[in-house]
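Just so you know, the sequences run in chain order V, R, G and H.
Read in UniProt numbering, the first sequence has 213 at position 213, and its numbers run on one by one without any break.
Read in UniProt numbering, the second sequence has 221 at position 221, and its numbers run on one by one without any break.
Read in UniProt numbering, the third sequence has 223 at position 223, and its numbers run on one by one without any break.
Read in UniProt numbering, the fourth sequence has 201 at position 201, and its numbers run on one by one without any break.
4 protein chains.
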Amino acid sequence: MDAEHARSVGRGAKVLAAVHAATLAELAEKGYAALTVDGVAQRAGVHKTTVYRRWKDRESLVVDALAGHVAADVPIPDTGTFEADLTVLARALVRLMTAPSARALLAAVFSDAARLPEVAEVRRQIFEDRLRRAEPVVARAVSRGELPAGTDAAEVIKSLAAPVYLRLLMTAEPVDEAVADQAVRVTLAAARAGAFGPPASSPSAPSPSDLGPSGPGSSDPGPSAVSG
Amino acid sequence: MDAEHARSVGRGAKVLAAVHAATLAELAEKGYAALTVDGVAQRAGVHKTTVYRRWKDRESLVVDALAGHVAADVPIPDTGTFEADLTVLARALVRLMTAPSARALLAAVFSDAARLPEVAEVRRQIFEDRLRRAEPVVARAVSRGELPAGTDAAEVIKSLAAPVYLRLLMTAEPVDEAVADQAVRVTLAAARAGAFGPPASSPSAPSPSDLGPSGPGSSDPGPSAVSG
Amino acid sequence: MDAEHARSVGRGAKVLAAVHAATLAELAEKGYAALTVDGVAQRAGVHKTTVYRRWKDRESLVVDALAGHVAADVPIPDTGTFEADLTVLARALVRLMTAPSARALLAAVFSDAARLPEVAEVRRQIFEDRLRRAEPVVARAVSRGELPAGTDAAEVIKSLAAPVYLRLLMTAEPVDEAVADQAVRVTLAAARAGAFGPPASSPSAPSPSDLGPSGPGSSDPGPSAVSG
Amino acid sequence: MDAEHARSVGRGAKVLAAVHAATLAELAEKGYAALTVDGVAQRAGVHKTTVYRRWKDRESLVVDALAGHVAADVPIPDTGTFEADLTVLARALVRLMTAPSARALLAAVFSDAARLPEVAEVRRQIFEDRLRRAEPVVARAVSRGELPAGTDAAEVIKSLAAPVYLRLLMTAEPVDEAVADQAVRVTLAAARAGAFGPPASSPSAPSPSDLGPSGPGSSDPGPSAVSG
DNA sequence: GCTTAATCGAGACGGTACGTCCCGTCTTGAC
DNA sequence: GTCAAGACGGGACGTACCGTCTCGATTAAGC
């Protein structure tokens, strides 16, 4: 708390920031497997020992670096119509996820680092965060009478976001506004048709169980869906 | 053709299969970064040098092991109704992706191995394969008059699969038949409403451009969506 | 012993000779440590397996190849005078040991191969052989009255040969006729002076024990003088 | 000079000494061909990588270990008489060469390691060193009038040492004081008789050329006498 | 000339050691 | 009191040969 400590903390903070930045950069450039403490240290203009003094190992370093970057400002629209709100949400998501920093973060949380529970949790929260914040949009639409009561807000938002992530993670297709707008169209149509309501409210659907049992073992995601 | 080197080929094939299996198992258990050639060799009951005799390095080993396991038999339903077809497809996808082997494959293609272009390509093809094979279902529905002409088959299938992958990869929620059935409801409703048709055919939608420009840099898929 | 065996032995003999020659050549070129069964086999125009079929291992191969080359024809002179005999002997030795084949043999028996008792024995015999055959020269000189009775023939020959070997093995000096002739001068002078007779016959020598004890442990050659 | 890295140098020096000793020990025990870096490292209580950090490869390690052990203190006698000096020299040589450490060194410089020019040079210098230091003994004897002027000091010393090396390297006979004393008798007699003087001064010798030409190729020492 | 059994060629395999790279720990001197 | 510098133990890499093994191909004798 005295001035001398303040200065070392000051220096320490500078080192910490530099190392964080270097870690994210290396992570984005080379991935988790090829990330080297020495590499990070050199990029941060710091000696290897200095890094090891503050972080136990490579993992802690990465977790720590990522943890500070989960929060992404997603402005929650309130334009007055559900469609416009969805459109704003979808386009913002696209913009956000195609930014370089987001791609780096995505690469990190889908690297081997995801074997660490903390990193897997970061990945989960990236989505959860946005989900929670976007749900009011649905609630407002329901209260406006645009959507049927009982509409599952979380499902609506997932439906909106899912195609974007599918393209980002699986198909490697371009992700642009057209993708966002298409997601809006689908989600909007399904929501208006009550597809996000309680299952019983789908009168024209023959019971899926008519198709017979689906066999055992269809669920159990495990703690980490991908890397576990 | 000749039974001459059938036996030596037989031995070779046995080694090859054992190593492939061991590679996938290690990949699933420990991830790419922690995958060791010696570990794979021992699990396969084979000596390290034997592995190096057939594969140039760790990467080739992993790529080769994954490449041989892309194909997954997805039975294409033809029940007579679009809804039933979709339900079969969705449930099959859920069953397939929640099987241990598929989780291992998924873990592998989302590990640091994904930095290898070949592995990224494998990941892409996992989806593409199933997409292509499922498209006829949509075509048949259109020809039966169940769906509007101009419905984009690929988009329909993506819409069906996206929620499943979202849960598998991002949210780590349980993936079961309920998820499949919900995806069917949404996709079905949207498809019937023409949401997979040409954009201009959506009369009730105010032009998204009313919301103003979206800013720069909203696309750029890059060769590998996640790891690039 | 039947004809069929004879012919296969015939082929075998050709292979055997080729491998022997190749072994010696490789030995001379690269030394024992770098001698490779595969290398020998290829030089012999034969497959590795064929070599292993006949010899247990590298060592046996080398031992066997060397064993057949110990014998070197040393003509024993009988010119009528001791000096001329010595000169012939010394020059023959020089000629013999500076020939390429002898250098190869020498290199082999002074390589790590000498750790094998058989090879060490070969080395010992190389000298012993020549020693035994040369001893009559001294005997004749004694009987002619050129040398004192009681002259130790073996010591005389060793004295003659020692400078040659010293130069070959230790000092790497040129070994030529001058060396031979110098050895003759020394040995001749010493022999005439009775230096190879019984120790007591050296009247002018003060007892070496006047110099005091020499300390313990001055002998014990071990089984192999060099490599043991 | 500064005590600053005295301690780190101290540690380094300790490692260096341990590895040197271990190298020589392994060399003596197993020979050069069977010498293993890992084996040396373990014997030295050090990790393999530490060895590779200081030495490029096995060869450098061996060369370096041997080079540091060439120097052997040979006390040069000055008793007042040539014979006593020779006796001291010869007995000291015997004592020296029969010591375990010398046998190890000898085994090393006559192993396959001798293919390395540096090791061959070490071997050469082992002898040269002692030769140079012993020459004054002859010079003093000449100046005292014990030996004829023009006596070749180097030849005298070689004559004294040669029988010892012959027994050590070729015949594997015991090497003890008797050998030393016998070498003294021979060398002394020959020296007194002028056998180490200029060739022309040997009046009783018929020209060796009376024996005719010796054929071609009698010299060519090559860089390494044994292993070349 | 055809068959048959030994020998050879070919090469996969388990195994040992090589020499390299990087990790994470530790010690030490300098600022 | 932190930092830079770097030696160290350690684990894995990918390479080169070794000596073993199992085959098919060759080949030369005996029928």
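Note that beta-carbon positions come from the ideal geometry of N, C-alpha and C, so glycine has one too.
(request) Can you grab the Cα-Cα spacing for the pair H:E135 / H:L106, in whole Å? (result) 23 Å
(message) So the candidates are R:A113, R:G80, R:A17; which of them puts its Cα closest to the Cα of R:A34?
(response) R:A113
(message) Check this for me: beta carbons of V:R185 and R:A195, under 9 Å apart or not?
(response) yes
(message) What does the Cβ neighbour count give for V:R103, buried or exposed, with the cut at 16 atoms within 10 Å?
(response) buried
(request) In the DSSP assignment, find the alpha helix (DSSP H) that holds R:E135 and state where it starts and stops. (result) 117-143
(request) Compare the beta carbon distance of R:A149 and R:G197 with 9 Å and say whether it is the shorter of the two. (result) yes
(request) Could you pull the start and end residues of the alpha helix (DSSP H) that H:M170 belongs to? (result) H:M170 -> no alpha helix (DSSP H), and no H or E assigned at all.
(request) Can you give me the Cβ contacts of G:P163 inside the same chain, cut-off strictly under 6 Å, excluding the 5 residues immediately before and after it? (result) A183
(message) Which of the three DSSP states is assigned to G:P206 in this structure?
(response) Confidence is the limiting factor: at G:P206 the pLDDT is only 47, short of 50, which leaves the residue's position unreliable and the question unanswerable from this model.
(request) With 9 Å as the threshold, decide whether the Cβ of R:G194 is near any Cβ in chain V. (result) yes
(request) Kindly indicate which three-state DSSP category V:Y32 falls into: helix, strand or coil? (result) coil
(request) Classify H:A17 as buried or exposed, calling it buried when 16 or more other Cβ atoms lie within 10 Å of its own Cβ. (result) exposed
(request) State the CB to CB distance for the pair R:V122 and R:A67, rounded to an integer number of angstroms; the pair is presumed to be in contact (CB under 8 Å). (result) 6 Å
(request) State the DSSP-derived secondary structure class of G:D73, mapped to helix, strand or coil. (result) coil
(message) Our contact map puts H:K48 next to H:D38 with C-beta atoms below 8 Å; I'd like the distance itself, whole angstroms only.
(response) 5 Å
(request) Determine the extent of the alpha helix (DSSP H) in which G:F110 is found, giving its start and end residues. (result) Here G:F110 belongs to no alpha helix (DSSP H), and DSSP marks it neither H nor E.
(request) Return the first residue and the last residue of the alpha helix (DSSP H) that H:K48 is part of. (result) 48-54
(request) Could you tell me whether the Cβ atoms of H:G78 and H:V119 are closer together than 9 Å? (result) According to the sequence displayed, residue 78 of chain H carries Asp and not Gly. No. Outside cutoff.
(message) So for H:L188, helix, strand or coil by DSSP?
(response) helix
(message) I'd like to know whether the C-beta atoms of G:F110 and H:L24 end up nearer to each other than 9 Å.
(response) no
(message) Counting only beta-carbon separations shorter than 9 Å, does R:K48 have a partner in chain V?
(response) no
(message) Would V:G31 pass as an interface residue toward chain R - the criterion being a Cβ-Cβ separation below 9 Å?
(response) yes
(request) Measure from the C-beta of H:F110 to each C-beta in chain G and report whether the shortest distance is under 9 Å. (result) yes
(request) Decide if R:T171 is buried, meaning its Cβ has at least 16 other Cβ atoms within 10 Å, or exposed. (result) buried
(request) Could you spell out where the alpha helix (DSSP H) holding G:A193 opens and where it closes? (result) Counting along the chain, G:A193 falls outside any alpha helix (DSSP H), and DSSP gives it neither H nor E.
(message) At the level of alpha carbons, what is the spacing between V:D176 and V:A92?
(response) 10 Å
(message) Quick check on the burial criterion: 16 or more other C-beta atoms within 10 angstroms. Buried or exposed for V:K56?
(response) exposed
(request) Could you spell out where the alpha helix (DSSP H) holding R:T79 opens and where it closes? (result) Counting along the chain, R:T79 falls outside any alpha helix (DSSP H), and DSSP gives it neither H nor E.
(message) For V:R124, would you say it is in contact with chain R, using Cβ-to-Cβ distances shorter than 9 Å as the test?
(response) yes
(request) Would you tell me roughly how many angstroms separate the C-alpha atoms of V:Y52 and R:A190, rounded to the nearest one? (result) 54 Å
(message) Between the alpha carbons of H:R115 and G:A28, how many angstroms are there, rounded?
(response) 11 Å
(message) Measuring only the C-alpha atoms, how far is residue 262 of chain R from R:A154?
(response) With chain R running from 1 to 228 in the structure shown, residue 262 of chain R is simply not present.
(message) Rounded to the nearest angstrom, what separates G:S60 and V:Y32 at their Cα positions?
(response) 53 Å
(request) Compare the C-alpha of V:D152 against each of V:R144, V:G145, V:A139, V:A161 and name the closest. (result) V:A139
(request) Give the secondary structure of V:G215 by DSSP, where H, G and I count as helix, E and B as strand, and everything else as coil. (result) A caution first: V:G215 carries a pLDDT of 44, below 50, which makes its placement in the model unreliable, though a value can still be read off. Looking at V:G215 - three-state DSSP - the assignment turns out to be coil, as it is neither helix nor strand.
(request) Using beta-carbon positions only, say whether H:G161 and H:A90 come within less than 9 Å of one another. (result) What sits at residue 161 of chain H in the sequence shown is Ala, not Gly. In contact: H:A161 and H:A90 (Cβ atoms closer than 9 Å).
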